[in-house]
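Residue numbers (this note's numbering), protein chains in the order written: chain B, 1 to 313; chain W, 1001 to 1086.
Every residue, glycine too, gets a C-beta built ideally from N, C-alpha and C.
One structure below.
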Amino acid sequence: MTDPLLIFDVILGLAIVALAVAVLAMHDRFAMIVLFIVFGLLSALAWVRLSAPDVALAEAAIGTGLTGALLLTTLHHIRATPPAPVPVPAGAIIANLGLCGLIFGGLVVAFLSTPLQAPGLALPVAQNMEASGVAHPVTAVLLNFRAYDTLMEVVVLLAAIVAVWMVERGTAQAPSPVMGEIYRGFARLALPAIVIIGTYLLWVGAYAPGGAFQGGAVLAAVGLLLLLSRLYRPQPAHRPLARLGFVLGTAVFAGIALLVASGGRVPFEYPAAHAKTLILLIEGMVTISIAVTLAALFHGREPEYASVSENHK
Amino acid sequence: MIPALSIILIVLLLATLGGLIRVFRGPEPAERMLAAQLFGTASVAMLLILSQVMEMPALLDVALVFALLAAVTLVCFVVLAAKEDR
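Printed below as a string of structure tokens:
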């Protein structure tokens, strides 16, 4: 008798591959988005089955919740109908197949050449947990042992919002999107719950799956709901505040690294006595930045003066 | 270990995969979107069972996030779809 969970895993794996093919094969753009959301849900389940609840949390918050909303508004912005698909020359298909085959072959070789019983880096992480200041290994790796990578990830978001605001300046004449009415009672009910869950995820990251990215993504949903229900309308006067929000996480993260470095240490080598405080401070600020940036990306434009657009920046 | 729970898991997964037919055939956007919502609800159920089977309480948090954010996607859809009707 095989383990029923194995059957579950096989069905899940096959469904994910089939969905990936279906997303690419669909012609209806809305159906593609819906399939992509479902794809995200199933991959979150797959991460759970791989015993990676941290990744599953991030996938649940970013992959299914926010990406779905972002894609839907993007579809809403696109007014042009897609041109009829141009037949692809056979040469291009063969070249693509060859390249994909090469990548697949490389992955197979890499997979087969991995030693089966490799100890990995779990042991060194476990041995140095006391020095990290937190009790959850994933948070220790992300915010302490490999903090430089995490800093760069925060910078990626900052670069994205800078690019979006710059592009929008070039096409300032684009009409702002029109949105329908929704029942605001839902927003009033859901907003407090989302705020609490987002903050909880940030706090729990010190000793269990959670942390800045997951908490920030959930808190960004607050911004989305406020924008969608028009309980908050972006004002040009709020731009400095928004800019501060975008930069806050990167600034505090890099600032603390520089401060630590000025004390004669390696940049991200936090003194063990203050490690927990510093990590929590960084995570808190990064959470705010992620939430503000994701919500601003959803809005997709810099708040403009409605009619007095003569005083161009 | 708990075969009954595992079998419920498989049934849930198969039932939701059946909902994919609505996503493919449509034809209304609302029908496709609601099929995706069915996936969200079933995923919450599967996560709750998995948290028992795999003995990972942290999965309850994942289920919580799923439940909250699925509603946000739906609100986004409703707001944008309402405009197209006009």
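Between the CA atoms of residue j and residue i - distance to the nearest angstrom
i         : j         : result
W/Ala1019 : B/Ala15   : Before going on, a small fix: residue 1019 of chain W reads as Gly here, not Ala. Those two C-alpha atoms are separated by around 12 Å.
B/Thr327  : B/Thr139  : In this structure chain B extends from 1 to 313, so residue 327 of chain B is not present and cannot be described.
B/Leu66   : B/Ile288  : 16 Å
B/Thr293  : W/Pro1003 : 45 Å
W/Val1078 : B/Arg146  : 41 Å
W/Ala1067 : B/Ala90   : 45 Å
W/Ala1015 : W/Ile1008 : 10 Å
B/Ala131  : W/Leu1064 : 32 Å
B/Gln117  : B/Pro137  : 21 Å
B/Ala172  : B/Pro303  : Any answer about B/Ala172 is weak, because its pLDDT of 48 lies below 50 and its placement is not dependable; what the coordinates show is given next. Rounded to whole angstroms, B/Ala172 to B/Pro303 spans 10 Å at the Cα level.
B/Leu226  : B/Tyr232  : 5 Å
B/Leu5    : B/Trp47   : 14 Å
B/Glu153  : B/Ile62   : 14 Å
B/Val21   : B/Leu35   : 10 Å
B/Val195  : B/Ala257  : 29 Å
B/Gly216  : B/Arg188  : 20 Å
W/Val1072 : W/Glu1028 : 20 Å
B/Ile37   : B/Leu70   : 11 Å
W/Leu1069 : B/Ser262  : 42 Å
B/Phe39   : W/Ala1045 : 17 Å
B/Asn144  : W/Ala1081 : 45 Å
B/Asp149  : B/Glu269  : 14 Å
W/Arg1022 : B/Gly205  : 38 Å
B/Val266  : B/Gly284  : 23 Å
B/Leu228  : B/Ala122  : 43 Å
B/Pro240  : B/Val155  : 19 Å
B/Ala316  : B/Tyr200  : Since the first residue of chain B shown is 1 and the last is 313, residue 316 of chain B is not available in this structure.
B/His274  : B/Leu281  : 11 Å
Contacts that residue i makes with chain C (C-beta to C-beta distance below 8 Å)
i       : result
B/Thr73 : Absence of chain C from the displayed structure is noted, the protein chains being B and W.
C-beta atoms of residue i and residue j nearer than 8 Å
i         : j         : result
B/Leu72   : B/Arg29   : no
B/Val218  : B/Ile197  : yes
B/Val286  : B/Ala212  : yes
B/Phe298  : B/Leu224  : yes
B/Ala44   : W/Val1053 : no
B/Leu42   : B/Leu57   : no
W/Leu1013 : B/Ile11   : yes
W/Arg1032 : B/Ala25   : no
B/Leu151  : B/Phe253  : yes
B/Ala220  : B/Ile290  : yes
B/Ser8    : W/Ser1051 : The residue asked about is misnamed: residue 8 of chain B is Phe in this sequence, not Ser. No, they are not a contact pair.
Residue i: contacting residues in chain B (beta-carbon distance under 8 Å)
i         : result
W/Leu1047 : Leu45 and Val48
W/Ile1021 : The premise fails here: W/Ile1021 is roughly 12 Å from chain B at the closest Cβ pair, so nothing lies under 8 Å.
Per-residue contacts from residue i into chain B (C-beta, under 9 Å)
i         : result
W/Phe1015 : Just to set this straight, residue 1015 of chain W is Ala in the shown sequence, not Phe. Residues of chain B passing the Cβ test: none, with the nearest at roughly 12 Å.
W/Thr1041 : Residues of chain B passing the Cβ test: none, with the nearest at roughly 10 Å.
Chain-ordered chain B contacts of residue i [CB-CB under 7 Å]
i         : result
W/Ile1007 : Pro4
W/Ala974  : Residue 974 of chain W cannot be examined here, being either before or after the span of chain W that is shown, 1001 to 1086.
W/Ala1036 : Val34, Ile37 and Val38
W/Ala1058 : Pro53, Ala208 and Pro209
Listed by chain order, chain W residues near residue i by CB distance under 8 Å
i        : result
B/Asp28  : Gly1026
B/Phe8   : Ser1006, Leu1009, Ile1010 and Leu1013
B/Ala221 : Leu1068, Leu1069 and Val1072
B/Leu201 : Asp1061 and Val1065
B/Thr64  : Gly1040, Phe1066, Leu1069, Ala1070 and Thr1073
B/Val218 : Val1065, Leu1068 and Leu1069
Under 7 Å from the C-beta of residue i: neighbouring residues of chain W
i        : result
B/Thr139 : What B/Thr139 touches in chain W: nothing, since even the nearest Cβ is about 13 Å away.
B/Ala61  : Val1065 and Leu1069
Within chain W, the residues that residue i reaches when beta carbons sit closer than 9 Å
i        : result
B/Phe186 : Ala1071 and Val1075
- Query: What are the start and end residues of each continuous alpha helix (DSSP H) run of 4 or more residues lying completely inside the stretch 227-273 of chain B, in chain order?
  - Reply: 239-262
- Task: May I have a chain-ordered list of the alpha helix (DSSP H) segments no shorter than 4 residues that lie completely inside the stretch 45-89 of chain B?
- Result: 53-58 and 67-77
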